[in-house]
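S.K.: Residue numbers (my numbering): 79 to 430. Positions of the beta carbon are idealized from the N, C-alpha and C atoms, including for glycine. The structure is given below, and queries will be raised subsequently.
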Ligand code: SAM
Ligand code: SF4
């Protein structure tokens with residue numbers, strides 16, 4: 079029997095989310111209530127699964143201003159989006175990002191949004207965590223693939239493990255609920271995953287393991303490090319009592335309770351267990367393109383509407399068009415040892 083006892087106020091089943099009259103709904107009848115908004119394609123790390131060593135970033139003039147990102151967010155709020163996750167690239171390296179977080183936080187206070195969250199690599203949290211909490215954010219995802227300093231440097235191409243750990247503790251101290259995001263990688267952090275789960279429990283953190291997705295060219299073949307989570311779960315179960323839970327946070331993860339701890343384990347399995355049927359989200363890039371699916375190329379450019387005389391009406395029209403184009407799902411899969419369904423955009427371009 080799934081255990082729902084761990085559901086807290088930050089884990090609201092999608093079915094009871096409030097809706098507006100002109101609620102965004104896609105061509106398959108799925109309610110779209112969740113926006114992932116990329117605020118920059120830049121980053122201070124170079125994770126091997128996310129970026130090539132040499133990346134060409136967008137010229138600044140192509141990136142939407144913070145005011146424009148707010149206007150886009152408001153267009154989604156008007157159409158029933160209840161949660162916004164800021165992402166990137168690294169959202170916290172965007173200059174003056176706190177201004178946008180505060181504006182979106184005010185939408186929570188006025189009932190326009192249920193939640194503003196962010197996904198971060200954690201390097202800026204030591205000095206930003208308190209302000210993020212003060213702006214109205216209550217939970218964040220922090221990416222952490224290893225606790226080993228050498229492996230961290232190898233995976234991220236930067237020597238910043240200590241800063242990230244300091245950032246996680248600063249976030250906790252500020253009152254933020256932290257969930258770790260860990261990309262599971264064969265021959266890299268594979269043997270460390272049970273220890274990472276234990277560390278998360280000891281530190282009262284949630285943790286989600288993620289299968290690597292074929293997004294953009296990186297320095298090596300993705301197949302070399304692809305690790306199906308079906309192979310990881312038995313190793314976790316050997317050390318912990320893991321029970322499926324009905325808890326949801328509005329994202330794609332399936333959750334489990336672990337031992338009798340307060341920590342939740344999440345699994346994001348785009349390749350071994352497709353979750354697209356329940357998709358409730360779209361993504362907007364920092365250049366103003368709306369992608370209806372991380373794993374497909376269809377998109378609509380919002381810039382002309384944004385810069386028109388009547389941005390709210392025109393943006394709303396673009397969102398209707400987007401709903402008609404949202405595909406059923408991605409096509410990521412392993413076929414005869416090869417990863418298929420690849421897209422050329424890096425995760426840092428679309429927004430994680
Ligand atoms: N820089 C922030 C961070 O690292 O948390 C936010 C952006 S990052 C693109 C968002 C998430 O995507 C991270 O948790 C990262 O591990 C994950 N990610 C990046 N590339 C991926 C890939 N090819 N497959 C699976 N997850 C990926
Ligand atoms: Fe930067 Fe996040 Fe991509 Fe790592 S995963 S390179 S931290 S954007």
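#1: Does the separation of the CB atoms of residue 41 and residue 362 fall below 9 Å?
#2: Within 8 Å: the Cβ of residue 234 and any heavy atom of the ligand SF4?
#3: Looking at residue 351 and the ligand SAM, is the gap between the Cβ and the nearest heavy atom below 8 Å?
#4: Do you know offhand how far residue 251's Cα is from residue 175's?
#5: If we ignore side chains and look at the alpha-carbon of each, how far apart do residue 169 and residue 217 end up?
#6: Are the CB atoms of residue 390 and residue 153 within a distance shorter than 9 Å?
#7: Decide if the segment 277–290 is in contact with the segment 344–363; the criterion is three or more beta carbon pairs, one per stretch, under 8 Å apart.
#8: Can you say whether residue 333 is buried or exposed, counting buried as having 16 or more other CB atoms within 10 angstroms of its CB?
#9: Exposed or buried, which one is residue 418 when buried takes at least 16 other CB atoms within 10 Å?
#10: Assuming contact is defined by CB atoms lying nearer than 9 Å, are residue 307 and residue 283 in contact in what I supplied?
#11: So residue 390 is in the beta strand (DSSP E); what residue range does that whole segment cover?
#12: Closer than 8 Å to a non-hydrogen atom of the ligand SF4 - does that hold for the CB of residue 323?
#13: In chain order, which continuous runs of the alpha helix (DSSP H) of length 4 or greater are located wholly inside the segment 284–365?
#14: Under the criterion of a Cβ to heavy atom distance below 8 Å, does residue 371 qualify as lining the ligand SAM?
#15: Quick check: what's the CA-CA separation for residue 256 versus residue 249?
#16: Are residue 203 and residue 163 closer than 9 Å when you measure CB to CB?
M.R.: With the structure as the only source:
#1: Residue 41 lies beyond the stretch modelled for the chain, which goes from 79 to 430, so this question has no answer here.
#2: yes
#3: no
#4: 21 Å
#5: 15 Å
#6: yes
#7: yes
#8: buried
#9: exposed
#10: no
#11: Looking at the DSSP string, residue 390 is not in any beta strand (DSSP E); the run it does join, the alpha helix (DSSP H), is 389–403.
#12: no
#13: 307–315
#14: no
#15: 7 Å
#16: no
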